[in-house]
Structures are given as C-alpha cells and as structure tokens.
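Here's the structure, in structure tokens; my notes come after.
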Amino acid sequence: MGERMMQTQTTAVFSEELAVLPTKLPTSSTVYNFPINRQKIFITEPNRDWRPAIMERLEKLTRLETGWDGYLGEPVSFANANFALRMLEGICSKDTPAPQIVPGTRGDLQIEWHTHITDIELHVIAPNNVHAWLADEKTGPDGKDFLLTINFTEVARQIRKMTEHASDRVATS
Amino acid sequence: MLVIASPPRDNDGQVIPHDHSEISNNDEVIRRISQQQTVLDKDGQRIISSMAYKASSGKNGGMSVDLKQLIEKDGLDPKDYVTTPRWMGSVLFKVSELRAMEFKVGYNPIEPPSPDPNPYHGEVWGRFSGSQTRRLKTLAVWFVPIPNVNLT
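Have a look at this one:
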C-alpha cells in the first residue's frame, strides 16, 4: 500500500505535465553509499535556503498525535508532505522567504506567506489537489480562490513578485 | 443527562450535514484552537491561521465545534471541558451569525470506541471559501485565549 502510494505520488510530482514549473533549478548532490551492493547513488536536491527548516517542520507535522486539534485531527500524511515539498521546490526560488505550514485535520496541510504586498495560502488537500487563495492590492482583502492541479504558474508568479519585493527591501535597508 | 435528538445519518452511518432544529440561534459554538494552527502575520504578530476555520476534507466533512449550551445543560463548565487536559485555546461563534452566512450547524457526537469521545461535538457545514474564512475570522471571539496570539 505504502509502496503503491509512493509510486503514484512520484509519477504525479514529476510528470511531464508538471514541467510547466521551473525545471532548471540550482541543485546540490548528495552521495549515498550502500555497502551491501557497493553502489553509489547520486540524489540531486534543489538548493534552497528555506529547505532544511521546511523539511523539519513537515517531519514534525507527520508525527502529530491523532487528536492533536482537540477533535479527531490526524497527522499530516506523508504523501501530502512530500507533494508540498516538491511543489515548493517547483514554485519557489532560492531566496523566497520561508513559508509557514499549518496542519489540517485529515492529513492535509496549508502553506502560507503573509507579507506587506501579498498574502498567499496554498491548501494541499491531496497531491495535485491544491486550493489556492491570494490577496494583494489588486484583489482587495477578500482575495481570490482557485484550484490548482498541475499548472502552478499563477502562484509561482505571485511568489516571484513577493520574493523580488523582499530582496528590494533587504537591498535598500 | 444529554437530551438532544440524534442527527440524520447516511447508509454508512456517517452524519449527514444538517441544521439541527434543537440548536438555537441564540446558542454558541466553541472551536478549539491548537498552537499548531497559529502563524505570524506580515507584522510578525502571531495570529490564528485561516486553516483553523476550515472544514475537514473528506465525506460530509465540516468544521468541528463543541456545542456550548449542551455542555452547560449537562452541568459542566465549558471552559474546563474544552481545555482539559491539553487544548490551549478556543474561540466562540454565535450560531445566528453562522447561519446568516448560510452555514449549517449540526450535531455529530464522537462516540466510543473513539479514544476521545465527545457527546457535545457538533459540526459547521457550508462553503469555506477564502472570503468566508476571512469573515469567520472577524466573527470569532476568544473563549480561552492563547497567550500572545491575536484573533486576526
């Protein structure tokens, strides 16, 4: 069951359709040694400043106790945590401010940024099933909702705008 | 002694979204808030995330609440009930305001063999869009405040 889920998720995350996301990412390589097989496997991971903190947070959320919310809340599912990380690698750059992550009650999770120019919330209901909400000066405080499955271009654009603004603030301060 | 009519259920025994006739517009519901559901806003102030005001995903999923008047009718202190043993905070909604937003407020007891039975458990069903969630944020008032956390 777990293996099947993993295969399904891997296919979804790295499908050709998802190639609409940026593909040429700065990466770092890690060499894992498996002495039994005498093999070395190279695994490339995008080089992102926020990655270690996000991985740590996701790991914590997958270990929440059932009932963590006072009702019947479940821990974040591995499938959703993995998809969230891959999605962030696709839509965020190295310098993007680290998002905040909030657990849902049925294994889902929400990724959030709140800045002076925009609010972005990405509710990962399941892999390739993301409810997005964006608010900025154009949308007003109510923002706008939309569903994301394989094309994350609009969110990636908004995140790029937020990242550039954050960089400008650092540069001028 | 708990007195409230059983909720409607589907063939799988799951409670169907409904507006319970014995939950009055004058009643209030309590939504428990975990520290896990808080985030920093643009000014670095800790606030309750919109995620705390969303329905559970899945069949017939709603937003879990405790029915305050039901707890009181059973002679219990609602603040003790929703805080003991470990839940740090909670907010209150008026049922009339939820219904004005076209939400349904119903009864959905959590029964044994669940490890945490809750005979006062209710649910709020409806459309939890971004704007509806923002509106819920403005309607919520603290019941058991979490120190150093703002409502909005």
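So the protein lines, in turn, are chains A and B. Using the working numbering, you'd call the opening residue of the first sequence number 1 and step up by one each time. Using the working numbering, you'd call the opening residue of the second sequence number 1 and step up by one each time. The beta carbon of each residue, even a glycine, is placed where N, CA and C say it ideally should be. None of the values given here were measured: they were computed from a predicted structure.
Can you give the beta carbon distance from residue i to residue j, rounded, assuming they're within the 8 Å contact cut?
i: residue 89 of chain B; j: residue 33 of chain B; result: 4 Å
i: residue 52 of chain B; j: residue 62 of chain B; result: Between residue 62 of chain B and residue 52 of chain B the Cβ distance is about 14 Å, and since that is not below 8 Å, they are no contact.
i: residue 216 of chain A; j: residue 76 of chain A; result: This structure gives no information on residue 216 of chain A, because the portion of chain A shown stretches from 1 to 173.
i: residue 176 of chain A; j: residue 122 of chain A; result: The structure shown does not extend to residue 176 of chain A, since chain A is modelled only from 1 through 173, so no value can be given for it.
i: residue 48 of chain A; j: residue 112 of chain A; result: Rounded, the Cβ-Cβ distance is 17 Å, inconsistent with contact.
i: residue 74 of chain B; j: residue 114 of chain A; result: Wrong, their Cβ atoms sit about 40 Å apart, outside the cutoff.
Between residue i and the rest of its own chain, which residues show a CB-CB distance below 8 Å, the 5 nearest in sequence each way excluded?
i: residue 147 of chain A; result: 129, 130, 131, 132
i: residue 163 of chain A; result: 92, 93, 95, 96, 97
i: residue 117 of chain A; result: 136, 137, 161, 162, 165
i: residue 56 of chain A; result: none
i: residue 111 of chain B; result: 117, 119
Leaving out five residues on either side along the sequence, give the residues of the same chain with a beta carbon under 7 Å from the beta carbon of residue i.
i: residue 74 of chain A; result: 66, 105, 106, 107
i: residue 152 of chain B; result: 47, 137, 138
i: residue 14 of chain B; result: 59, 60
i: residue 4 of chain B; result: 22, 70, 107
Between residue i and the rest of its own chain, which residues show a CB-CB distance below 6 Å, the 5 nearest in sequence each way excluded?
i: residue 109 of chain B; result: 119, 121
i: residue 150 of chain B; result: 45, 47
i: residue 83 of chain B; result: 144
i: residue 103 of chain B; result: 124, 126
i: residue 119 of chain A; result: 135
If you compare alpha carbons, which of the options is closest to residue i?
i: residue 58 of chain A; options: A/92, A/101, A/150; result: A/101
i: residue 156 of chain A; options: A/82, A/139, A/134; result: A/134
i: residue 28 of chain B; options: B/39, B/146, B/141; result: B/141
i: residue 142 of chain A; options: B/78, B/85, B/50, B/100; result: B/50
i: residue 80 of chain B; options: B/100, B/30, B/20, B/148; result: B/30
i: residue 147 of chain B; options: B/35, B/97, B/99, B/68; result: B/35
i: residue 91 of chain B; options: B/12, B/67, B/99, B/24; result: B/67
i: residue 139 of chain A; options: A/124, A/151, A/150, A/158; result: A/158
i: residue 65 of chain B; options: B/39, B/57, B/95, B/76; result: B/95
Going along chain B in order, which residues have a C-beta closer than 9 Å to the C-beta of residue i?
i: residue 125 of chain A; result: 57
i: residue 115 of chain A; result: 42
i: residue 145 of chain A; result: 129, 130, 131
Using the beta-carbon of each residue, which ones in chain A are nearer than 8 Å to residue i?
i: residue 121 of chain B; result: 71
i: residue 110 of chain B; result: 71, 72
i: residue 24 of chain B; result: Result: empty, since nearest Cβ-Cβ is about 23 Å, beyond 8 Å.
Please compile the residues from chain B whose C-beta is within a distance smaller than 7 Å of the C-beta of residue i.
i: residue 121 of chain A; result: 50
i: residue 50 of chain A; result: By Cβ distance, chain B contributes nothing, its closest Cβ being about 14 Å from residue 50 of chain A, past 7 Å.
Would you mind telling me which residues of chain B sit closer than 8 Å to residue i, beta carbon to beta carbon, in chain order?
i: residue 142 of chain A; result: 130, 131, 134
For residue i, go through chain A and note every residue whose CB falls closer than 9 Å to its CB, in chain order.
i: residue 32 of chain B; result: 69, 70, 71
Please identify, using Cβ separations under 7 Å, the residues of the segment 81-112 of chain A that lie next to chain B, in order along the chain.
Hits within the stretch, in order: 100, 102, 103, 104, 105, 106, 108, 110, 112.
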